[in-house]
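S.K.: Be aware that the sequence shown starts at 24, since it is given in this note's numbering, and climbs by one per residue. Think of the CB as a built atom: it goes at the ideal place given N, C-alpha and C, for glycine as much as any other residue. Predicted model, so just to flag it, every value in this text is computed and none were measured.
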Amino acid sequence: MAEVKNEGKSNIGAMLRKFQLYIKKSDILKEAKKSQFRIKPVSKLQRRKSALYRAKQSEKYREKR
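Dropping the structure here:
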């Protein structure tokens, strides 16, 4: 967790700017955004099923042409 300590008579705005600068420099925000919408890897069985489905659909399409 990122922390910014109050040094002397710093106001809230200055502390917020320091915090935002720290976040940008440390790439914490990039890592958080990257892991926000993580996609689970597909299992082998699911890949095989989808490949068979695609093959069947392409055959149906070729027959209709």
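1) Rounded to whole angstroms, what's the CA-CA distance from L68 to K83? Just pull it up for me.
2) How long is the line joining the alpha carbons of N29 and M38, rounded to whole angstroms?
3) Excluding the 5 residues preceding and the 5 following K63 in the sequence, name in chain order all residues of the same chain whose CB lies nearer than 8 angstroms to its CB.
4) Kindly indicate the opening and closing residues of the alpha helix (DSSP H) around E54.
M.R.: In terms of the structure at hand:
1) Counting from one through the sequence shown, the residue named residue 68 turns up at place 45. Counting from one through the sequence shown, the residue named residue 83 turns up at place 60. Their backbone Cα atoms lie some 23 angstroms apart in a straight line.
2) Position 6 of the sequence shown, counted from the start, is the residue given in the question as residue 29. Position 15 of the sequence shown, counted from the start, is the residue given in the question as residue 38. Taking the straight line from one Cα to the other gives about 7 angstroms.
3) For the purposes of this step, residue 63 is identified with residue 40 of the sequence shown, where counting begins at 1. Cβ within range, chain order: n/a, list empty.
4) Against the sequence shown, residue 54 aligns to sequence position 31. From DSSP, the alpha helix (DSSP H) with E54 extends over 51 to 59.
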